[in-house]
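Here the protein sequences come in this chain order: Z and E.
Quick note on our numbering: the first sequence kicks off at 1 and runs consecutively.
Quick note on our numbering: the second sequence kicks off at 381 and runs consecutively.
For reference, the structure is listed below as structure tokens.
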Amino acid sequence: MKTFRILTTCALASALLVYSCKKDQSGADPRYPVLPDETYKYDGIQPNANGFNPSGATEINNDKATLGRVLFYENQLSINNRVSCGSCHNQLQGFADNKSFSDGFENKKTLRNTPSIVNPGVQSFYFWDMRESSLSAMVTQPIANHIEMGLEQPEYMIAKLKKLSYYEPLFTNAFGDSEVTGERIGAALSNFVASMVSIDSKYDQAIANNFANFTSEELRGKKLFMEDLPCAGCHGGENFSGWSTFTQNIGLELDYADDGQPGVDWMSGHEQDGWFKIPSLRNVEVTPPYMHDGRFKTLEEVVEFYNSGIQAHDQLSFNLREGWNGVFDSQVIPFIDGEVRPLRLNLSNSDKQALVAFLKTLTDTKSMNDVKFSDPFQHP
Amino acid sequence: MKIQSLAQSATDSSFSEIGLNATAFVNQYLDFGSGNGEFVSPYIITYERRFGKVGVRIGLGMDGDRSEAKPENGDPNQPSLFTSNFESNVRTGVVFYKNISRRWDLKYGADVIFGMNKNKSWTEVNNLFGEPVKNTTTFRSAQIGLTPFVFIQFHLSEKFSLGTEMLFNVIGSEDVTKQESTEFPEFNSRQETTRLSYNTTPPIALFFIFRY
């Protein structure tokens, strides 16, 4: 009987302990961020073996990045407190989402696919139509967008943050005083996102040992990508984005519903139609669906499109035209409304699989699993 | 069948027709044209009265829905989203007739159209001080326009037929968007825009028509 009492008491005490622990965790108010006692380290990003440093010219400050992290996941930066940057740029999905078009603050669909955030510090232009060249200006544009977050008045954004007491020490740590300004919000957010780098993929690790860790299929894919096919003509450089300095028409349609970057095509003299930024292929494996409208669900579909589906648009990228050898030749590339012959790669199934295998070597899941990029409002 | 032609020549006497737009109904089961929802004729029911070579017609359309998305645990500190949408359309116009064959009729003419849309979405949530906060976005649009049309009608029998139409829309709209917050009323905003738009409604609507 005595043993029974002791066991019962122990069981009750254990249950009480478990309950009190649970209560502590679930009792944390999700409207307040929880930050570590010691600030996470966002700076000190090291280049890969090819000397590629994805933080670019951005000098990352840990306190600004810490503030940026809270802002990145701050629902109050949307007009109705429903969404944050992190709602569409999901950490576990390579800071993109798995939707063709994302849901804005009223669940209305965005006009274009959410791009992943990967090595933004080395990109020269941002958005699918490359309308912004400054990272710190880019990061606040979705906040003001009428579909995405809806806070069109900058003063409104500032007033909302001023009312949240937890920002006072964060702004003070980052900028020396607690004043909230649009520039500071942009600076903090850009510090945070610039530290989201992909630099430790299987590809990066392979550079130092001459790709000895690659399978034969991955090596075959690398050769196709880098040498045999024109992939690297656009997706060149260590960021696999051609440094994001220009847009291209890749022949998804003959007449695009979305024109992309505005302007005049110098070759045809027509208004640009379907010109979009060349995205980085780093982490491409984890950021489906693909293209500006998320039309392709898998990498295999993307490869098949380049293999056999390119349309003969009169503004088609030179790299995707039959006969293009990198030299301007009016016989091959008609300058005014001539015939356009889209490339047909005629790849074998094994070649297509090899290309996909190589693209998967560009995956670096570190930032996707790193707590310093996680949502501070989501308590464990 | 006694009559030689199910369709009617231009000199035929008067009659009335009622048409029901079945596109939405068909879409439910066949997913036909749902990707082009914005192009489907918004008129649910049309009435047409013919007087010899010319006729008049009127169309009415209405659509609406409501939705709400609340946090799973009902937590008032997490925002609940409510939406409410309502659209109404009226058109009236003149119709001319051209008999093509025994079963086919061609109609053409123009409508004057009027439309009213109201879309509202709002969230309810407690702020950090426990105060209930409501943020509301309201969009109202009033439209008036002229719509030349071509209507093709296939007669199944003397009284029943199927039809579809192609519309060329020239529409002027006056839109008002309001953003209101109970927490930050000083930032409430109201935007008015007027616009003139042109577009084509392809013949993907399907009307079931009864003649009497």
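Just so it is clear, CB atoms sit at the ideal spot from N, CA and C, and this is done for glycine as well.
Handout entry: Extent of the continuous beta strand (DSSP E) to which Ser541 (chain E) belongs
Key = As a working mapping, residue 541 (chain E) is identified with position 161 in the second sequence. Residues 540-561.
Handout entry: Proximal residues to Gly56 (chain Z) (C-beta, below 6 Å), its chain only, five neighbours per side dropped
Key = The sequence position of residue 56 (chain Z) within the first sequence is 56, counting from 1. Once the five neighbours on either side are set aside, the close Cβ partners of Gly56 (chain Z) are Gly121, Val122.
Practice task
May I ask you to list, following chain order, the residues of the stretch 515-528 of chain E that have a beta carbon less than 9 Å from some beta carbon of chain Z?
Solution key: Asn515, Thr516, Thr517
Handout entry: Under 9 Å from the C-beta of Ala208 (chain Z): neighbouring residues of chain E
Key = To locate residue 208 (chain Z), count along the first sequence from 1; it is residue 208. The premise fails here: Ala208 (chain Z) is roughly 48 Å from chain E at the closest Cβ pair, so nothing lies under 9 Å.
Problem - Val34 (chain Z) burial status per 10 Å Cβ neighbour count (16 or more: buried) - result: Position 34 of the first sequence, counting from 1, holds the residue named residue 34 (chain Z). Result: exposed.
Handout entry: Given 8 Å, three or more beta-carbon pairs between the stretch 189-197 of chain Z and the stretch 129-149 of chain Z
Key = yes
Problem - Helix, strand or coil at Asn98 (chain Z) according to DSSP, with G and I counted as helix - result: Taking the first residue of the first sequence as 1, we reach residue 98 (chain Z) at position 98. Coil.
Practice task
Can you pull the chain E residues whose beta carbon is under 8 Å from the beta carbon of Gln153 (chain Z), in chain order?
Solution key: Taking the first sequence and counting its residues from 1, one reaches residue 153 (chain Z) at position 153. Simply Phe567, Ser569.
Practice task
Leaving aside the five residues before and after Gly495 (chain E) along the sequence, list all residues of the same chain whose C-beta is less than 6 Å from its C-beta, in chain order.
Solution key: As a position in the second sequence, residue 495 (chain E) is number 115, starting the count at 1. For Gly495 (chain E), where only same-chain residues beyond five positions count, the Cβ hits under 6 Å are Asn469, Gln523.
Exercise for the section: Assuming Gly525 (chain E) contacts Ile493 (chain E) (C-beta within less than 8 Å), just tell me the rounded distance between them. Expected result: Taking the second sequence and counting its residues from 1, one reaches residue 525 (chain E) at position 145. Taking the second sequence and counting its residues from 1, one reaches residue 493 (chain E) at position 113. Right, their Cβ atoms sit about 5 Å apart.
Problem - Beta-carbon proximity check, Gly251 (chain Z) vs His313 (chain Z), cutoff 8 Å - result: Counting from 1 along the first sequence, the entry for residue 251 (chain Z) is found at position 251. Counting from 1 along the first sequence, the entry for residue 313 (chain Z) is found at position 313. The answer is yes: Cβ separation under 8 Å.
Problem - Any C-beta of chain B under 8 Å from that of Ala159 (chain Z) - result: Looking at the structure shown, chain B is missing, and the protein chains on hand are Z and E.
Exercise for the section: Specify whether the stretch 124-138 of chain Z and the stretch 271-281 of chain Z touch according to this definition: at least 3 beta carbon pairs, one from each stretch, less than 8 Å apart. Expected result: yes
Practice task
Starting from Leu71 (chain Z), find everything on chain E with Cβ-Cβ shorter than 8 Å and list it in chain order.
Solution key: Taking the first residue of the first sequence as 1, we reach residue 71 (chain Z) at position 71. In chain order: nothing, as chain E lies at least about 16 Å away.
Handout entry: Ser317 (chain Z), buried or exposed, once every other Cβ within 10 Å from all chains shown has been counted against 16
Key = Counting from one through the first sequence, the residue named residue 317 (chain Z) turns up at place 317. It counts as buried.
Handout entry: C-alpha distance - Ser26 (chain Z) paired with Phe377 (chain Z), whole-angstrom precision
Key = Here residue 26 (chain Z) is taken as the residue at index 26 of the first sequence, counted from 1. Here residue 377 (chain Z) is taken as the residue at index 377 of the first sequence, counted from 1. Confidence at Ser26 (chain Z) is low in this model, with a pLDDT of 42, below 50, so the placement of that residue should be treated as unreliable; the coordinate-derived value is given next. If I take the Cα positions, the gap works out to 12 Å.
Practice task
Could you tell me which of Z:Gln248, Z:Glu155, Z:Gln76, Z:Ile199 sits nearest to Ser165 (chain Z), measuring between CA atoms?
Solution key: As a working note, residue 165 (chain Z) is residue 165 in the first sequence. Of the candidates Z:Gln248, Z:Glu155, Z:Gln76, Z:Ile199, the one whose C-alpha sits nearest the C-alpha of Ser165 (chain Z) is Z:Gln76.
Exercise for the section: Quick one: grab the DSSP three-state call for Met442 (chain E). Expected result: By 1-based counting over the second sequence, the position of residue 442 (chain E) is 62. Three-state DSSP puts Met442 (chain E) in a strand.
Problem - 8 Å Cβ cut-off: residues of chain E touching Glu106 (chain Z) - result: Position 106 of the first sequence, counted from the start, is the residue given in the question as residue 106 (chain Z). Within 8 Å Cβ-Cβ: Leu461, Thr463, Ser501, Thr517.
Exercise for the section: With Pro142 (chain Z) as the anchor, note down where its alpha helix (DSSP H) starts and where it stops. Expected result: The sequence position of residue 142 (chain Z) within the first sequence is 142, counting from 1. Here the alpha helix (DSSP H) through Pro142 (chain Z) covers 141-144.
Practice task
Identify which residue in E:Arg483, E:Gln559, E:Glu452 has its Cα closest to the Cα of Gln153 (chain Z).
Solution key: For the purposes of this step, residue 153 (chain Z) is identified with residue 153 of the first sequence, where counting begins at 1. Comparing Cα-Cα distances from Gln153 (chain Z) to each of E:Arg483, E:Gln559, E:Glu452, the minimum goes to E:Gln559.
Exercise for the section: Determine whether the Cβ of Phe564 (chain E) lies closer than 8 Å to any Cβ atom of chain Z. Expected result: By 1-based counting over the second sequence, the position of residue 564 (chain E) is 184. Output row for Phe564 (chain E): interface = yes.
Exercise for the section: At 7 Å on the CB atoms, spell out the chain E contacts of Arg82 (chain Z), in chain order. Expected result: Here residue 82 (chain Z) refers to the residue found at position 82 when the first sequence is read from its first residue. Pro459, Leu461, Thr503, listed in chain order.
Handout entry: Nearest to Ser460 (chain E) (by Cα), restricted to the options E:Glu467, E:Arg471, E:Glu448
Key = Position 80 of the second sequence, counted from the first residue, corresponds to residue 460 (chain E). Ranking E:Glu467, E:Arg471, E:Glu448 by Cα distance to Ser460 (chain E) puts E:Glu448 first.
Problem - Alpha-carbon spacing of Ile424 (chain E) relative to Pro512 (chain E), whole angstroms - result: By one-based count along the second sequence, residue 424 (chain E) stands at place 44. By one-based count along the second sequence, residue 512 (chain E) stands at place 132. Approximately 40 Å, taken between the alpha carbons.
Handout entry: Whole-Å CB distance - Met546 (chain E) paired with Thr580 (chain E), under 8 Å assumed
Key = For this step, residue 546 (chain E) is matched to residue 166 along the second sequence. For this step, residue 580 (chain E) is matched to residue 200 along the second sequence. That belief holds up - the Cβ atoms of Met546 (chain E) and Thr580 (chain E) are roughly 7 Å apart, short of 8 Å.
Practice task
Enumerate in chain order the residues of its own chain whose CB-to-CB distance from Arg471 (chain E) is below 6 Å, with the five nearest sequence positions on each side excluded.
Solution key: Stepping through the second sequence from its first residue, residue 471 (chain E) is reached at position 91. Cβ within range, chain order: Gly439, Asp491, Ile493.
Exercise for the section: Could you check which residue in Z:Pro288, Z:Gly309, Z:Asp265, Z:Pro262 has the C-alpha nearest to that of Glu253 (chain Z)? Expected result: Counted from its first residue, the first sequence places residue 253 (chain Z) at position 253. Selected option, being the one with the closest Cα: Z:Gly309.
Practice task
Count the other CB atoms, across all protein chains shown, that sit within 10 Å of the CB of Ser78 (chain Z); report buried if there are 16 or more and exposed otherwise.
Solution key: Residue numbering aside, residue 78 (chain Z) sits at position 78 when the first sequence is read from its first letter. Classification for Ser78 (chain Z): buried.
Problem - DSSP beta-bridge partners of Thr580 (chain E) - result: Taking the first residue of the second sequence as position 1, residue 580 (chain E) is located at position 200. DSSP lists E:Phe548 as partners of Thr580 (chain E).
Exercise for the section: Would you tell me roughly how many angstroms separate the C-alpha atoms of Ser178 (chain Z) and Lys64 (chain Z), rounded to the nearest one? Expected result: Sequence index remark: in the first sequence, residue 178 (chain Z) carries index 178 (1-based). Sequence index remark: in the first sequence, residue 64 (chain Z) carries index 64 (1-based). Answer to the nearest angstrom: the Cα atoms are 12 Å apart.
Exercise for the section: Give the range of the alpha helix (DSSP H) segment to which Asp491 (chain E) is assigned. Expected result: Residue 491 (chain E) sits at position 111 when you count from the first residue of the second sequence. Note, Asp491 (chain E): premise wrong, no alpha helix (DSSP H); beta strand (DSSP E) at 484-506.
Problem - Listed by chain order, chain E residues near Tyr156 (chain Z) by CB distance under 8 Å - result: In the first sequence, residue 156 (chain Z) corresponds to position 156, counting from 1. Within chain E, the residues near Tyr156 (chain Z) are Phe564, Phe567.
Exercise for the section: Run the CB neighbour count on Ser134 (chain Z), radius 10 Å, all protein chains shown included, and call it buried at 16 or more, exposed below. Expected result: For the purposes of this step, residue 134 (chain Z) is taken as residue 134 along the first sequence, with counting starting at 1. Classification of Ser134 (chain Z): exposed, given that the 10 Å Cβ count is below 16.
Problem - Backbone secondary structure at Leu461 (chain E) - three-state DSSP - result: The residue given as residue 461 (chain E) occupies position 81 in the second sequence. Here Leu461 (chain E) sits in strand by DSSP.
Exercise for the section: Could you check what DSSP says for Pro342 (chain Z) in three-state terms: helix, strand or coil? Expected result: What you label residue 342 (chain Z) is simply residue 342 of the first sequence in a count that begins at 1. Reduced to three states, the DSSP call for Pro342 (chain Z) is strand.
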